[in-house]
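Structure record follows, encoded as structure tokens.
Protein chains: 2
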Amino acid sequence: MEKEVTIYDIAKILQLSPATVSRALNDHPAINSKTKLSIVTKAAELGYRSNTFASNLRRKSTSTLGVIVPRLDSSFMSAVLAGMEAVANQAGYNLLISQSLESQGKEKTNVKTMYNSRVDGLLVSVAYDTEGFEHFENFVKKNIPVLFFDRIFDHPACASIVIDNVQAGFEITSHLIEQGCRRIMHVTGNLKRNVYSGRYQGYQNALAKYGIPLDESLIMVTDLSQEAGEAAIEKLAEMDNKPDGIFIANDICAVSCVQALKKRGFKIPVDIAVAGFNNDPVSKVIEPNLTTIFYPGREMGEVAVRTMINHLKGVQKIDTTNTVILKSELIVRESTVK
Amino acid sequence: MEKEVTIYDIAKILQLSPATVSRALNDHPAINSKTKLSIVTKAAELGYRSNTFASNLRRKSTSTLGVIVPRLDSSFMSAVLAGMEAVANQAGYNLLISQSLESQGKEKTNVKTMYNSRVDGLLVSVAYDTEGFEHFENFVKKNIPVLFFDRIFDHPACASIVIDNVQAGFEITSHLIEQGCRRIMHVTGNLKRNVYSGRYQGYQNALAKYGIPLDESLIMVTDLSQEAGEAAIEKLAEMDNKPDGIFIANDICAVSCVQALKKRGFKIPVDIAVAGFNNDPVSKVIEPNLTTIFYPGREMGEVAVRTMINHLKGVQKIDTTNTVILKSELIVRESTVK
Chain A
1 MEKEVTIYDI AKILQLSPAT VSRALNDHPA INSKTKLSIV TKAAELGYRS
51 NTFASNLRRK STSTLGVIVP RLDSSFMSAV LAGMEAVANQ AGYNLLISQS
101 LESQGKEKTN VKTMYNSRVD GLLVSVAYDT EGFEHFENFV KKNIPVLFFD
151 RIFDHPACAS IVIDNVQAGF EITSHLIEQG CRRIMHVTGN LKRNVYSGRY
201 QGYQNALAKY GIPLDESLIM VTDLSQEAGE AAIEKLAEMD NKPDGIFIAN
251 DICAVSCVQA LKKRGFKIPV DIAVAGFNND PVSKVIEPNL TTIFYPGREM
301 GEVAVRTMIN HLKGVQKIDT TNTVILKSEL IVRESTVK
Chain B
1 MEKEVTIYDI AKILQLSPAT VSRALNDHPA INSKTKLSIV TKAAELGYRS
51 NTFASNLRRK STSTLGVIVP RLDSSFMSAV LAGMEAVANQ AGYNLLISQS
101 LESQGKEKTN VKTMYNSRVD GLLVSVAYDT EGFEHFENFV KKNIPVLFFD
151 RIFDHPACAS IVIDNVQAGF EITSHLIEQG CRRIMHVTGN LKRNVYSGRY
201 QGYQNALAKY GIPLDESLIM VTDLSQEAGE AAIEKLAEMD NKPDGIFIAN
251 DICAVSCVQA LKKRGFKIPV DIAVAGFNND PVSKVIEPNL TTIFYPGREM
301 GEVAVRTMIN HLKGVQKIDT TNTVILKSEL IVRESTVK
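Chains A and B supply the protein sequences, listed in that same order.
So for the first sequence, the UniProt record's numbering puts the first residue at 1; every next one is plus one.
So for the second sequence, the UniProt record's numbering puts the first residue at 1; every next one is plus one.
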């Protein structure tokens, strides 16, 4: 086992007193900045660790956290941001907020801006089409913590806050099957995003459990917009062997499906049961009310910022946590109860 | 007419060359900061103006704008923020965002935080119960621009972005009267806020135009929440002389009224016509679809940030603008067409 580097090791190498090293690592004003820099640099080089090491390295803390979301104008994201702001504000942190507009290009620019703004930490939900992790490497190299929420990247240096999308997809599909559905259409988003691939995996697991073969002609990958809902129902209406159930990976698109189905004279849930995802406010207003998954947006925002601040304060490092899975919940309403 | 102060006047008074004065006002690195400060101070004292004067004064520009909203988790505010972020990002500005949670106390704390964060400008929609302007005085004193949007304060040094709430309230009430309504209930928010007092004034103007006397027992001041909608309908159900129309000052509360009315067996719009305000997504999902006022949230955010940046870049000072009124629009749907 490799021996842990101590302040005595650093002091010896630099021919300084251990007290000076300790003070420098705690950013004590009595140590001049040149000495401080040489100590901090050597400590980093040797892999020195202490509970407050990360925060000491950031000698220019801005008490600002960067947040990058796909879109600001979504009900889910506004709940997340409300939760984030409440916790950040309480702890004396500010939030610098930007949106990628679902584009990898804009996300990269946003990440660079956050870097130049010297945020103490970065909280990200990645864009629809983001492919790689490279644009976050600068943060990792500088020990600036990056935390993903909802739409995540799995990276050893980063933590993630999610719900169990596989389990949620499994529960809602199982519910449809238990209501008698046998041909269940699934309208989803980009399967490179964990949230959509997870829900799709859950859908497949439920079919497998009940011995229903997967029919790929019933899977539609869309951008989950209102328009996508209308297009999905247009396609459904032309099918010879029509589905008796439909699971849509968000409520905005699901509500649009319900409206399009009703316009074409389908009776919900008798002709076709409809289930969404998110528990968006519209799910309680549409008639019939929509079966969906409760998605704890506010809690996700709160936990994300709390995890980040605990790391920055040296209470608990984010790379020891890896993933926090929040509880989601199936909410059964009239749109699926046959 | 008073003569405009020039760099020659400043140079003469300070016994410096005009070139030095010019360079100092343009924040040229060759001029030492003490000289720069004395020149900038004298220029300010004499009322010197140039296109870039405002931006020169702010020698420590952070390229960050502060935004304080009542709540982050509202559909209207998330549209505003999306518009703000798009314009700010395009122009190289960051947004520091916080919420007052409708409390004057938290708003004051937020304003202080924004001040200490050295934002280049502040964009505010005031809380439900904010009483005075004092907490913004520090900004005004330091020449840091403050712009109000939606819920505003009238202050000579600040600009405001609003819709014409009086006109919108007038139009929607007139529409109810034209549909045959004669006893129109009005559910509104804190009348100290321009948005609610304006809509109420518009309601009164419409009644006056059609010769309908104002009945104050039909006016309910609430927090416009979902619960407030249920409470309003409970009260309505107990009235002997029931209203035949109801105008609610936001859609969230209006949708809750529709649901409560339907539960009690009222037919909409035959028994009672219902109109909301905001064109919130739920207004298009509730049955019957809700008559409302289109409220250009995204545009309001865009115009607010564009106005602020124009000021910061010296293109156009905000105190010459005072108020920008955006177009709103009556949207007639089934909930009012008898």
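C-beta atoms are modelled at their ideal positions from N, C-alpha and C, and glycine is treated no differently.
Predicted, not measured: the structure shown is a model, and the values here were computed from it.
With a minimum length of 3 residues, the unbroken runs of beta strand (DSSP E) contained wholly in the region 82 to 152 of chain A fall at 94 to 99, 121 to 124, 146 to 149. Per the C-alpha coordinates, the member of B/211, B/85, B/70, B/156 positioned closest to residue 104 of chain B is B/70.
The beta carbon of residue 309 of chain A is closer than 7 Å to those of 91, 93 in its chain, skipping five residues each way along the sequence. Remark: fewer than three beta-carbon pairs, one from each stretch, lie closer than 8 Å, so the region 148 to 157 of chain B and the region 260 to 267 of chain B are not flagged as touching. Straight-line measurement puts the Cα of residue 337 of chain A at about 21 Å from the Cα of residue 209 of chain A. Annotation for residue 189 of chain A: no beta strand (DSSP E) segment contains it, and DSSP assigns it neither H nor E.
Pairing residue 174 of chain B with residue 187 of chain B, the inter-Cα distance amounts to about 16 Å.
Residues of the region 63 to 83 of chain B that bring their beta carbon within less than 8 Å of a beta carbon in chain A comprise 64, 71, 72, 73, 74, 75, 77, 78, 79, 81, 82, in sequence order.
Judged by pairs of C-beta atoms under 8 Å, the region 289 to 303 of chain A does not touch the region 16 to 23 of chain B, as fewer than three such pairs exist. Residues of the same chain with a CB within less than 6 Å of the CB of residue 219 of chain B, apart from the 5 flanking positions on each side, are 186 in chain order. For residue 160 of chain B, DSSP records a beta bridge to B/148, B/323. Contiguous beta strand (DSSP E) elements confined to the region 248 to 299 of chain B occur at 273 to 275, 292 to 294, taking only those with 3 or more residues. Per DSSP, reduced to three states, the secondary structure at residue 64 of chain A is strand. Any Cβ of chain A closer than 7 Å to the Cβ of residue 18 of chain B would place that residue at the interface, and such an atom is absent. With 16 or more neighbouring CB atoms inside 10 Å of its own CB, residue 77 of chain B falls in the buried class.
If the five residues before and after residue 329 of chain B are omitted, its C-beta is found closer than 8 Å to the C-beta atoms of 293, 294, all from its own chain and listed in chain order. At a cut-off of 7 Å between beta carbons, residue 197 of chain A makes no contact with chain B. The C-beta distance from residue 300 of chain B to residue 172 of chain B rounds to 19 Å, too long to fall under 8 Å, and the pair is not in contact. Under a 10 Å Cβ-count criterion, residue 182 of chain B is classified as exposed, with fewer than 16 other Cβ atoms of the shown protein chains found around its own Cβ. If you look at residue 221 of chain B, you'll find it in the beta strand (DSSP E) that goes 219 to 221. Inter-residue distance for residue 302 of chain B and residue 170 of chain A is about 42 Å (C-alpha atoms, whole angstroms). As for any alpha helix (DSSP H) of minimum length 4 sitting wholly inside the region 167 to 237 of chain B, the runs are 194 to 209, 226 to 237, ordered along the chain. Close to residue 98 of chain A, with beta-carbon spacing below 9 Å, are these residues of chain B in chain order: 85, 88, 89, 94, 95. Against residue 286 of chain B, the close residues of chain A are 285, in the order they occur along the chain (beta-carbon pairs closer than 7 Å). Contact note: residue 130 of chain B does not reach chain A at a C-beta cutoff of 8 Å; the least C-beta distance is about 17 Å. For the C-beta of residue 281 of chain A, the chain B residues within less than 7 Å are, from N- to C-terminus, 282.
Straight through space, the alpha carbons of residue 255 of chain B and residue 240 of chain A are spaced by roughly 38 Å.
Look at the region 96 to 128 of chain B: the residues with a C-beta under 9 Å from a C-beta of chain A are 96, 97, 98, 99, 101, 106, 109, 110, 113, 114, 117. Those residues of the region 132 to 156 of chain A placed with their C-beta closer than 9 Å to a C-beta in chain B do not exist. Residue-level contact check: residue 255 of chain B touches chain A, since one or more beta carbons of chain A fall below 7 Å from its beta carbon. Residue 331 of chain B has B/292 as its beta-bridge partners, per DSSP. Taking 7 Å as the cut-off, the beta carbon of residue 82 of chain B is found no closer than this to the beta carbon of residue 306 of chain B.
Look at residue 246 of chain B here: in three-state DSSP terms it is strand. Looking at B/247, B/66, B/10, the one whose alpha-carbon comes closest to that of residue 275 of chain B is B/247. Between residue 196 of chain A and residue 189 of chain A, the gap from beta carbon to beta carbon is short of 7 Å.
Here residue 80 of chain A carries a helix assignment [DSSP, helix/strand/coil].
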